[in-house]
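Trainee: Add 23 to the 1-based position in the sequence shown for our numbering, that's all there is to it.
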Amino acid sequence: MGISEKIKDIEEEMRRTQKNKATEYHLGLLKGKLARLRAQLLEPVGGAGGSTGVGFDVSKSGDARIALVGFPSVGKSTLLSKITKTKSEVAAYAFTTLTAIPGVLEYGGAEIQILDLPGIIEGASEGKGRGRQVISAAKTSDMIMMVLDATKKHEQRMLLERELEAVGIRLNKQPPNIYLKVKKAGGIKINFMATPKLLDEKMVYNILRDYKMLNAEVLVRDENATVDDFIDVINKDHRTYIKCLYVYNKVDCISLEHLDQLAREDHTAVMSCELDLGIQDVVERAWKELNLVRVYTKRKGVQPDFSEALIVRQNSTIADVCDRLHRSLKEDFKYALVWGKSAVHVPQRVSLAHVVQDEDVISIVKK
Ligand SMILES: Nc1nc2c(ncn2[C@@H]2O[C@H](COP(=O)(O)OP(=O)(O)OP(=O)(O)O)[C@@H](O)[C@H]2O)c(=O)[nH]1
Ligand SMILES: [Mg+2]
C-alpha cells in the first residue's frame, strides 16, 4: 500500500470514529500516525515515486519573500503585475502560470520579493498538479499571501489551509509552548506547568511510545496545548510557522454585505485588481504583518541618512545590525548609541544584545 492510501485509510478511520472520552486516546494515536506518514510523503524519493517536493529554482533576494498561493484563476498573476514591475501572464483559464515568477515590491525603503506561483488544487500536498513544488516554495517565504476568489465558497480557504497544514505549515501560529528533550536513558518524565484541558499525561506517554521515544523529558507550559501541538513539537524539524494574509480578490463581483463580512475576518484584506481597489491596503497590511524593522545608521557629528534604511527582521539586535554593516564590525564594537523607540532615553548607550525597533537611529562606536 502506498503512503497516500495509508493516509486515506487513517483519515477514513478518524472520520468514522466518534469523538468521546473513550476514543480520545485512539484518535490521538491516529493523529500521530497520520503526521508521520505525511512527513514521509514529503521525504525526497529516489526513482519511482515521482515528484521530490523540491521547490522551484528561484533564488531569494531582497529583504523578505512573500509567496502568492491560491487556486487557479483567482488573480495571483494579476496582483503581481499590479504591485511589481514584473508582468506575469494573466488569462481566464486555469493553470496559466506554470512556474514560479519572482517580482520585486518596493515599499518602506525595503525590497520585498513577491513570488507568483502556479495555482494549486485539492490534493496538492499529495502531489497533485505542481502542488508539492508550490508548497515547497511557499515554505521558504516569510509570508504567504493566500489569494482567494471572493465569489467562490468560503470552503476554498479551508481546503487550502488543510493542504498547507498537511505538509507541516502552520499559519499565523506560534510554536507550541511545550519543552521536549529526547534522552538516551532514564525513561519518560512528564511535567505540567499548567493543567491542559485537552492533553494529559497518558496521552503524551502513548504518543511518545508510538514515536518510539522511550527516554524523554516533557514539560507542558501551556494550558491550551492539544494533542496536535504535542505532535508538532515531536516533528518540529518538519514544521514551519509562517504568517499568512488572506486576500479576497474580485470583490467587484460580490455584494457590499458580503464584502463587509469578509473584511472583518482576522488577517484578511479585500481587493479588486480589476477596479484597482484595495491593492494599496493589501500592500500596507503585508508590510505591517511582516514586521520588518528599518534602522538608520549615523556617524558621529553627522545627520543620519534617512533615505538609506537598513532592513532587519523583527527582534533583531545591534549584533544583527553590525553583521549587516560589516563582517568584522562586531569584533571592534565598543558600544552603540541609539535614538528612537527602543531607547529608554536618547541617546541610550547599548550593547550588542540590545533589540532594535522600527526607525531607530544607531551610531556604532568602535574600540
Ligand atoms: N472580476 C474580476 N476578475 C479578475 C480580477 N482580478 C483578476 N481577474 C481575472 O481573473 C482571471 C485570472 O487571473 P490570473 O491573474 O491569471 O489568475 P491566477 O491566479 O494567476 O491563475 P493561475 O496562474 O491559473 O493560477 C483573469 O481573467 C483576470 O482578468 C478582479 O479583481 N475582478
Ligand atoms: Mg497565474
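Don't be surprised by glycine CBs; every beta carbon is placed ideally from N, CA and C. Everything numeric in this text was worked out from a predicted model, so none of it was measured.
(1) Helix, strand or coil, according to DSSP, for S17 in the structure here?
(2) Do you know offhand how far N214's Cα is from S351's?
(3) State yes or no: is the C-beta of E297 nearer than 7 Å to some heavy atom of ligand 1?
(4) Here's the rule: buried if 16 or more other CB atoms are within 10 angstroms of the residue's CB, otherwise exposed. What is H177?
(5) Would you mind stating whether V274 and L268 have Cβ atoms separated by less than 8 Å?
(6) Who are the near neighbours of K389 in its chain, counting only those whose CB is closer than 7 Å to its CB and skipping five residues on each side?
(7) Do you know how far the Cα of T263 is from the Cα of R232?
(8) Can you determine whether any heavy atom of ligand 1 sits closer than 7 Å to the C-beta of C276, and answer yes or no?
(9) Where does A123 land, buried or exposed, given buried means 16+ other C-beta within 10 angstroms?
(10) CB of K273 to nearest heavy atom of ligand 1: below 7 Å?
(11) Out of curiosity, what's the CA-to-CA distance linking L348 and I106?
(12) Using a Cβ-Cβ cut-off of 6 Å (strictly less than) and excluding sequence neighbours within five positions of G72, which residues of its own chain qualify?
(13) With a threshold of 8 Å, are at least 3 pairs of Cβ atoms found where one atom belongs to the segment 213 to 230 and the other to the segment 93 to 108?
(14) Pull up the distance between the alpha-carbon of H368 and that of D86, whole angstroms please.
(15) I'd like to know whether the C-beta atoms of L285 and A376 end up nearer to each other than 8 Å.
(16) Is it true that the segment 141 to 156 meets the segment 241 to 254, where meeting means three or more beta-carbon pairs spaced less than 8 Å apart?
(17) Between T218 and ligand 3, is the CB less than 7 Å from at least one heavy atom?
(18) Leaving out five residues before and five after Q380 in sequence, what residues of the same chain have Cβ atoms less than 6 Å from its Cβ?
(19) Could you check if F415 belongs to the surroundings of ligand 1, using beta carbon to heavy atom distance under 7 Å?
(20) Between T320 and I385, which are expected to be in contact by the criterion C-beta below 8 Å, what is the C-beta distance as a whole number of angstroms?
(21) How big is the Cα-Cα spacing for K151 and K31?
(22) Using 8 Å as the threshold, is the segment 305 to 316 in touch with the segment 114 to 132, meaning 3 or more CB pairs across them?
(23) What are the complete alpha helix (DSSP H) segments, minimum 4 residues, inside the segment 264 to 300?
(24) To the nearest angstrom, how far is it from the Cα of K108 to the Cα of A160?
(25) Considering only heavy atoms of ligand 1, does any lie closer than 7 Å to the CB of T120?
Mentor: Considering the structure as presented:
(1) Nothing can be reported for residue 17: it is not among the residues displayed for the chain, which extend from 24 to 390.
(2) Within the sequence shown, the letter at position 191 stands for residue 214. Within the sequence shown, the letter at position 328 stands for residue 351. Distance between the alpha carbons of N214 and S351: 44 Å.
(3) Here the question's residue 297 lines up with position 274 in the sequence shown. Checking every heavy atom of ligand 1 against the Cβ of E297, one is found closer than 7 Å.
(4) Numbered from 1 along the sequence shown, position 154 holds the residue referred to as residue 177. H177 should be labelled exposed.
(5) Here residue 274 corresponds to residue number 251 of the sequence shown, with the count starting at 1. Here residue 268 corresponds to residue number 245 of the sequence shown, with the count starting at 1. Going by C-beta atoms, V274 is not nearer than 8 Å to L268.
(6) Residue 389 sits at position 366 when you count from the first residue of the sequence shown. The residues are D355, F356, K357.
(7) Stepping through the sequence shown from its first residue, residue 232 is reached at position 209. Stepping through the sequence shown from its first residue, residue 263 is reached at position 240. When rounded, the distance between both Cα atoms is 24 Å.
(8) Counting from one through the sequence shown, the residue named residue 276 turns up at place 253. Under cutoff, so the answer is yes.
(9) Reading the sequence shown from its first residue, position 100 is the one you call residue 123. Burial call: buried.
(10) Counting from 1 along the sequence shown, the entry for residue 273 is found at position 250. Yes, ligand 1 has a heavy atom inside 7 Å of this Cβ.
(11) Walking along the sequence shown from the start, residue 348 turns up at place 325. Walking along the sequence shown from the start, residue 106 turns up at place 83. Distance between the alpha carbons of L348 and I106: 29 Å.
(12) By 1-based counting over the sequence shown, the position of residue 72 is 49. At G72 the pLDDT is 35, less than 50, meaning the model places this residue with poor confidence; the figure from the coordinates comes in the next sentence. Once the five neighbours on either side are set aside, G72 has no close Cβ partner at all.
(13) no
(14) Position 345 of the sequence shown, counted from the first residue, corresponds to residue 368. Position 63 of the sequence shown, counted from the first residue, corresponds to residue 86. Rounded to whole angstroms, H368 to D86 spans 29 Å at the Cα level.
(15) If you number the sequence shown from 1, residue 285 lands on position 262. If you number the sequence shown from 1, residue 376 lands on position 353. Their beta carbons are not under 8 Å apart, which means L285 does not touch A376 by this criterion.
(16) no
(17) Here the bound small molecules are ligand 1 and ligand 2; ligand 3 is not part of this structure.
(18) By 1-based counting over the sequence shown, the position of residue 380 is 357. For Q380, where only same-chain residues beyond five positions count, the Cβ hits under 6 Å are K364, S365.
(19) The structure shown has nothing for residue 415, since the chain only spans 24 to 390.
(20) Locating residue 320 in the sequence shown gives position 297, counting from the first residue. Locating residue 385 in the sequence shown gives position 362, counting from the first residue. Indeed, because the Cβ distance is near 5 Å, the residues count as touching under 8 Å.
(21) Here residue 151 refers to the residue found at position 128 when the sequence shown is read from its first residue. Here residue 31 refers to the residue found at position 8 when the sequence shown is read from its first residue. Those two C-alpha atoms are separated by around 15 Å.
(22) yes
(23) 279 to 286
(24) On the sequence shown, residue 108 is found 85 positions in, with the first residue counted as 1. On the sequence shown, residue 160 is found 137 positions in, with the first residue counted as 1. Straight-line Cα distance between these residues: approximately 21 Å.
(25) Stepping through the sequence shown from its first residue, residue 120 is reached at position 97. Checking every heavy atom of ligand 1 against the Cβ of T120, one is found closer than 7 Å.
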